[in-house]
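Heads up: the sequence shown begins at 18 in the working numbering, then just goes up one per residue.
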Amino acid sequence: MRIALSGYYGFDNAGDEALLSAITMSLKKLHPGLEFLVLSGNPEKTARLHGVQAVYYMNPWQVFRGLLSSDLLISGGGSIFQDVTSGRSLVYYISVVALAKLLGKPVIFYAQGVGPINRPLSKLLMRLVANRVELITLRDQDSLELLREIGVNRPEIRVTSDPVFALTPLEEDFEAVDIKLAQLIESSKPVIGVSVRQWPALEGYQPELAHCLDDLADQGCQVLFIPMAYPDDVEESRRVASLMEKPATVLDQDLNSRQHLA
Numbered sequence: 018m019r020i021a022l023s024g025y026y027g028f029d030n031a032g033d034e035a036l037l038s039a040i041t042m043s044l045k046k047l048h049p050g051l052e053f054l055v056l057s058g059n060p061e062k063t064a065r066l067h068g069v070q071a072v073y074y075m076n077p078w079q080v081f082r083g084l085l086s087s088d089l090l091i092s093g094g095g096s097i098f099q100d101v102t103s104g105r106s107l108v109y110y111i112s113v114v115a116l117a118k119l120l121g122k123p124v125i126f127y128a129q130g131v132g133p134i135n136r137p138l139s140k141l142l143m144r145l146v147a148n149r150v151e152l153i154t155l156r157d158q159d160s161l162e163l164l165r166e167i168g169v170n171r172p173e174i175r176v177t178s179d180p181v182f183a184l185t186p187l188e189e190d191f192e193a194v195d196i197k198l199a200q201l202i203e204s205s206k207p208v209i210g211v212s213v214r215q216w217p218a219l220e221g222y223q224p225e226l227a228h229c230l231d232d233l234a235d236q237g238c239q240v241l242f243i244p245m246a247y248p249d250d251v252e253e254s255r256r257v258a259s260l261m262e263k264p265a266t267v268l269d270q271d272l273n274s275r276q277h278l279a
């Protein structure tokens, strides 16, 4: 059996890469013979890191052939169904689902965090497509309430946990992280890990966060910024660190999803 996976994969976002690892690993435990085809922004890297087949997510012919040759489409998880960062991305992910349904493939929304969805067109498209999938699993109650508000009521909907909680780092991941951190921090002091990102609806938080982190540093803590989307979050991390009076460290390295957990 072959499963196609659609999500924000191949863009060096630690959370989404961890999600992809968790989905494929958990399903392989149930059915070792499963094959996976991932729609990815970087097919070569996705195939190498996750041991799957991958095609470029914006190549219509590759996406069409990939869905046609698959038995099931899993969309998600993460928060791909939202129109805050971009209305076009929501239309893209809905279009993939619509194409799979046109090809007669069953579709599952897996561990989705839905919203915010503000545009009337986005709500209409979401209602039309989501009401035609076979199963929806969500990672929070707010997503369920939003879908009900939009008018999604036909498929079975379950609120479950984030599948990343099932992801376990390997011994080699702990060893790799220990080597990296040994060069950056003192093992005798407690470490405060901080992850920040640019977000359109959240501006002006940097000075306040820098002040709070200075207070923690005054109490003997080391501040370590851990970018989850590499390299985009590095710039935002450095921006906050530059506002601090106390020294802080920015981890300017590309970790895989298991290493982030380690």
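Note that the Cβ used here is the ideal one computed from N, Cα and C, for glycine as well.
Counting other Cβ atoms within 10 Å of its Cβ, R82 stays below 16 and is therefore classed as exposed.
A residue is called buried when at least 16 other Cβ atoms come within 10 angstroms of its Cβ; H67 meets this threshold and is buried. Counting along the chain, the unbroken alpha helix (DSSP H) around V108 starts and ends at 104-119. Annotation for E52: the continuous beta strand (DSSP E) segment containing it runs 52-57.
The continuous stretches of beta strand (DSSP E) do not include L219, and DSSP gives it neither H nor E. Taking a contact to require three or more Cβ pairs closer than 8 Å, the region 153-166 and the region 202-221 do not qualify as touching.
With fewer than 16 other Cβ atoms inside 10 Å of its own Cβ, L119 counts as exposed. For I167, the enclosing alpha helix (DSSP H) covers residues 158-167. Counted as a single uninterrupted DSSP element, the stretch harbouring V80 is not any beta strand (DSSP E) but the alpha helix (DSSP H) occupying residues 77-85. Counting only the Cα atoms, R165 lies some 31 Å from R19.
D179 and A234 have their C-alpha atoms some 32 Å from each other. Between the region 55-65 and the region 92-99 there are fewer than three C-beta pairs closer than 8 Å, too few to call the two in contact. Boundaries of the alpha helix (DSSP H) around A258: 249-259.
Pairing L44 with S86, the inter-Cα distance amounts to about 19 Å. With a cutoff of 8 Å on beta-carbon distance, A246 and N30 are scored as near each other. Looking from the CA of V124, the closest CA among I174, W216, P244, A258 belongs to I174.
Collapsing the DSSP output to three states places V146 in a helix.
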